[in-house]
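Quick note on our numbering: the sequence shown kicks off at 107 and runs consecutively.
Think of the CB as a built atom: it goes at the ideal place given N, C-alpha and C, for glycine as much as any other residue.
Just so you know, these numbers come straight off a predicted model, no measurement behind them.
Below: one structure, written as structure tokens.
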Amino acid sequence: MSNYTIAVGWSGKDALLDTDPGKVISGADFNTEFTAVRTAVNSKADVNGSASENFATNSLAATTATVGGETVVTLDTPQTFTKAHTTSSETVTLASDQTANLLNTQLFIVSVQGNHTLSVSNMTAGVEASFLIKNTGAYDVAFTADFSFIGGYNPTITSGSGKVDLIRCVSDGIKMYCSIDKDLT
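Next up, the structure:
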């Protein structure tokens, strides 16, 4: 296996005058570079999981065994493990449109500082998230299509400085299904 290394000194051409014949990039330059890329890529293993690629499987092969008096459980299919969600909160300041990254935490403290949009990223089935919406004025939040609320509407948060709403959501991997408790102050 080889790693890609640059074959043509491209940066040296930048310093040349436009009229310098050395500044011209030829087809041979591209061919040399793309050949180096192709060699590096073709020498790497494909990620198909076939035995010919020498990838280790993540399923267990035990038939009967005990460890510390406990029976070993075998898995019939490979399992996928995702990043654990942290328990600390993350502050999201809605002074502009923002995205809450669901890999970072399950509790978002949203400081609403204008009429802006909230979206989410890294949504997976089973993820639960809560959004503590703290309004700093007469502002509203637009929720992207990632969110689905009871009744299918985009809720209006409680208006006014110091007003607090709580949105609780659970995801099926496609949408965040949410309920809202309003005016908790």
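Where residue i sits in the DSSP three-state scheme
{"i": "K288", "result": "coil"}
{"i": "D124", "result": "coil"}
{"i": "N148", "result": "helix"}
{"i": "S254", "result": "strand"}
{"i": "V135", "result": "Residue identity differs from the one stated: residue 135 is Asp in this sequence, not Val. Three-state result, D135: helix."}
{"i": "K129", "result": "helix"}
{"i": "T230", "result": "coil"}
{"i": "K269", "result": "coil"}
{"i": "V173", "result": "strand"}
{"i": "T141", "result": "helix"}
{"i": "K119", "result": "helix"}
{"i": "Y63", "result": "The question about residue 63 has no answer, for the chain in this structure spans 107 to 291."}
{"i": "A248", "result": "strand"}
{"i": "N221", "result": "coil"}
{"i": "N210", "result": "coil"}
{"i": "T280", "result": "In the sequence under discussion, the amino acid at residue 280 is Ile, which differs from the Thr named in the question. DSSP places I280 in coil when its eight states are reduced to three."}
{"i": "I215", "result": "strand"}
{"i": "I112", "result": "coil"}
{"i": "A84", "result": "The requested residue 84 is not part of the displayed model; the chain covers only 107 to 291."}
{"i": "E159", "result": "For E159, the predicted model reports a pLDDT of 49, less than 50, meaning its position is unreliable and no value from the coordinates is stated."}
Candidates the options, of which the one nearest residue i by Cα
{"i": "G243", "options": "G133, P261, N260, G268", "result": "G268"}
{"i": "V270", "options": "V130, T250, F136, K288", "result": "K288"}
{"i": "G266", "options": "A251, D246, G258", "result": "D246"}
{"i": "Y259", "options": "L238, Y283, S277, R144", "result": "Y283"}
{"i": "A251", "options": "E196, V226, L209", "result": "V226"}
{"i": "T291", "options": "I280, P127, L272, V143", "result": "L272"}
{"i": "I280", "options": "F255, F237, A235, M229", "result": "M229"}
{"i": "I112", "options": "T145, G128, Q204", "result": "T145"}
{"i": "G115", "options": "T125, D124, S132, N109", "result": "S132"}
CB contact flag (residue i, residue j, <8 Å)
{"i": "V218", "j": "I263", "result": "yes"}
{"i": "L224", "j": "V216", "result": "yes"}
{"i": "E196", "j": "T211", "result": "yes"}
{"i": "G220", "j": "L238", "result": "no"}
{"i": "H222", "j": "S254", "result": "no"}
{"i": "G232", "j": "S277", "result": "yes"}
{"i": "Y110", "j": "A134", "result": "no"}
is_contact[residue i, chain D] using C-beta, thresh 8 Å
{"i": "F249", "result": "In the displayed structure, chain D is absent; only one protein chain is listed."}
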